[in-house]
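Note that the numbering used here numbers the sequence shown so that position 126 is 110, with each residue one more than the last.
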Amino acid sequence: LRAKEEATAAAAAAAAEQTTVCSISFDECPVSKGLRCAHGHFVSDDYADQYVRTKNEGVVVEDPVLGRIVDLLALQRANRSDGGVYCPQRGLGGCDAPAYTDQHVAGHVSEETFQGYIDVKMRVAERAVHDRAQGDLQAEIDRINEELGRHNIQVSRERLQQELRRQFPNAYQCRQCGFGPIDHMACYDLQAHHGEQRGTGRISNACPQCNWFSSEIAQWPRWDGTLPEGVDATTGEGGVQVRAADARYRDR
């Protein structure tokens, strides 16, 4: 009797639940049984898994040399630079709702599909951290150049080395030729983004001087503070000629 009463109550609750139309199948469905964007557009559970999985197909690709890399250009073309999954009515449909939350997606797709979804978002986030770190390194080098140019100081190689060692105490150098400083602090898995397509070129975590590369951060010695012989410590305007090796891109 109790089981019958519970079943009756569940049926009554289901009947009373609000329904809405699925944006893909156009079927009427309970609002709790699918993905719903902030503007109310709905994808039923019958189509949610396929929708999320299809959105991420081809975004993370297997490179025979570099392993798994994320195609940032594909995400940019789809207006998904953050790696999120958005309402199917975005774009031509006119919906400007934010991406679905991770928790919302997790509740309506399979575990396999959710892991693929999270993989894309994590790789995009890692790329953003990497880019910020490289930007900080280049900004500091530019600041040194500006300061030296402002005071028209002719600085020696020794002074430049001391300044860079003070600013970048955790920089690395090439194990093969000794080139440094190289900033790898933001990426301990150097294979993760090595060779990744970026704009019209590809990111390279290899040594900019001899092209030596190791994916393991432990294989890169700490920079000993010595600049390569080919680096001019001064110019006629007092500028420092130093490159952030990890931030360079190679043309395809």
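Just so it is clear, CB atoms sit at the ideal spot from N, CA and C, and this is done for glycine as well. For clarity, every value in this text was computed on a predicted model and none was experimentally measured.
| Top-ranked residue by Cα proximity to Thr38, from Thr97, Gly75, Gln87 | Ranking the options by Cα distance to Thr38, first place goes to Thr97.
| request: With Leu19 as the anchor, note down where its beta strand (DSSP E) starts and where it stops. | output: Unbroken beta strand (DSSP E) run through Leu19: 18 to 20.
| Which stretch, first to last residue, makes up the beta strand (DSSP E) that contains Thr3? | Taken as a continuous stretch (DSSP letters only), the beta strand (DSSP E) holding Thr3 covers 3 to 5.
| DSSP three-state assignment for Val104, whether helix, strand or coil | Helix.
| said: So, with DSSP's three-state summary, where would you put Glu41? | reply: In the structure shown, Glu41 adopts coil according to DSSP, grouped into three states.
| query | Is Asn40 closer than 9 angstroms to Val69 when the C-beta atoms are compared? | reply | Yes; because the gap between Cβ atoms is below 9 angstroms, this pair is in contact.
| Within the stretch 53 to 102, ranges of the alpha helix (DSSP H) (whole runs, at least 4 residues) | For secondary structure counted as the alpha helix (DSSP H) over 4 or more consecutive residues, the stretch 53 to 102 holds these complete runs in sequence order: 56 to 61, 86 to 90.
| query | Among residues of its own chain, excluding the 5 on either side of Cys79, which ones have a beta-carbon nearer than 7 angstroms to its beta-carbon? | reply | Beyond the five residues adjoining it in sequence on each side, Cys79 comes within less than 7 angstroms, by CB distance, of Cys21, His23, His25, Cys71, Gln73 in the same chain, given in chain order.
| request: Examine chain C for any beta-carbon lying closer than 9 angstroms to the beta-carbon of Cys79, and answer yes or no. | output: Reference to chain C is not applicable here, since this structure consists of a single protein chain.
| Bounding residues of the beta strand (DSSP E) (the contiguous stretch that carries Ser28) | That run of the beta strand (DSSP E) goes 26 to 28.
| request: If I'm right that His159 touches Gln203 with Cβ under 8 angstroms, what's the distance once you round it to whole angstroms? | output: For the sequence presented, residue 159 should be read as Arg rather than His. In this structure, Arg159 and Gln203 form a Cβ contact; the two beta carbons are roughly 6 angstroms apart against a cut-off of 8 angstroms.
| task | My understanding is that Gly18 touches Val27, with C-beta atoms under 8 angstroms, so please give their C-beta distance in whole angstroms. | result | Right, the Cβ-Cβ distance comes to about 5 angstroms (below 8 angstroms), so this counts as a contact.
| Cα-Cα separation between Gln34 and Arg111, rounded to whole angstroms | Approximately 27 angstroms, taken between the alpha carbons.
| Are Ile166 and Leu148 touching if we call contact CB-CB under 9 angstroms? | Not closer than 9 angstroms, so no.
| task | Would you identify the three-state DSSP class for Arg206, choosing helix, strand or coil? | result | Secondary structure of Arg206 (DSSP, three-state): strand.
| Which residues does DSSP pair with Cys13 in a beta bridge? | Thr4.
| task | Would you decide whether Gly67 is buried or exposed? Buried here means 16 or more other CB atoms lie within 10 Å of its CB. | result | With at least 16 other beta carbons inside 10 angstroms of its own, Gly67 counts as buried.
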